[in-house]
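The numbers in this note's numbering rise by one with no breaks, and the one at position 98 of the sequence shown is 103. We treat Cβ as the ideally placed atom computed from N, Cα and C, and that holds for glycine. Just so you know, these numbers come straight off a predicted model, no measurement behind them.
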Amino acid sequence: MRITYIILAIAIPIGCMLSCETDKVGEQNQECPVSISFSNRIQPMIQTNCSTSGCHATPGPGKPALNTHAEISANALQIRNVIKKNPGEPQFMPLGGQKLADSLIQQFGCWIDQGLLDN
6 MRITYIILAI
16 AIPIGCMLSC
26 ETDKVGEQNQ
36 ECPVSISFSN
46 RIQPMIQTNC
56 STSGCHATPG
66 PGKPALNTHA
76 EISANALQIR
86 NVIKKNPGEP
96 QFMPLGGQKL
106 ADSLIQQFGC
116 WIDQGLLDN
């Protein structure tokens, strides 16, 4: 009986660690590609998911327009926080939609880390 408890005490944490690692695909420290293109990756992602009619196409109270490089880069940190759903953020974006794919969130973070290039 005591051996069973010992085996369970060892097996459960190991199984959980292995299972948890596969669930956190988007949170692993993956290297960024050489350069994330604003015009090929970031702007299309924002246009498709954010700057749609009624959302961030035009500015409004508490919602900046996200059409140009200047508008997107000025709000980049806030955008990253709401698409990742960081603690302290009232809601995640896109509002009423599905969470963005981890790969898109990672690309956006890489673009920020690479200096918000207008490329």
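Where the alpha helix (DSSP H) through residue i begins and ends
i, result
"C115", "107-118"
"Q48", "48-54"
"L100", "First-last for L100: undefined, no H or E at that position."
"N45", "That residue, N45, is in no alpha helix (DSSP H); it is neither H nor E in DSSP."
"I88", "81-89"
Residues bridged to residue i [DSSP beta-bridge criterion]
i, result
"K68", "G65"
Reduced DSSP category for residue i - H, G, I as helix; E, B as strand; rest coil
i, result
"E76", "helix"
"N34", "Residue placement at N34 cannot be trusted, given a pLDDT of 40 that sits under 50; the coordinates are not used to answer."
"T27", "Caution applies to T27, whose pLDDT of 33 falls short of 50 and renders its modelled position unreliable; the value that the coordinates give is listed next. Here T27 sits in helix by DSSP."
Cutoff 8 Å: residue i Cβ touching any chain B Cβ
i, result
"S44", "Note that chain B does not occur in the displayed structure, where there is just one protein chain."
Among the options, the one whose alpha carbon lies nearest that of residue i
i, options, result
"F43", "P66, Q96, K68, A75", "A75"
"D107", "M50, V39, N45, S40", "M50"
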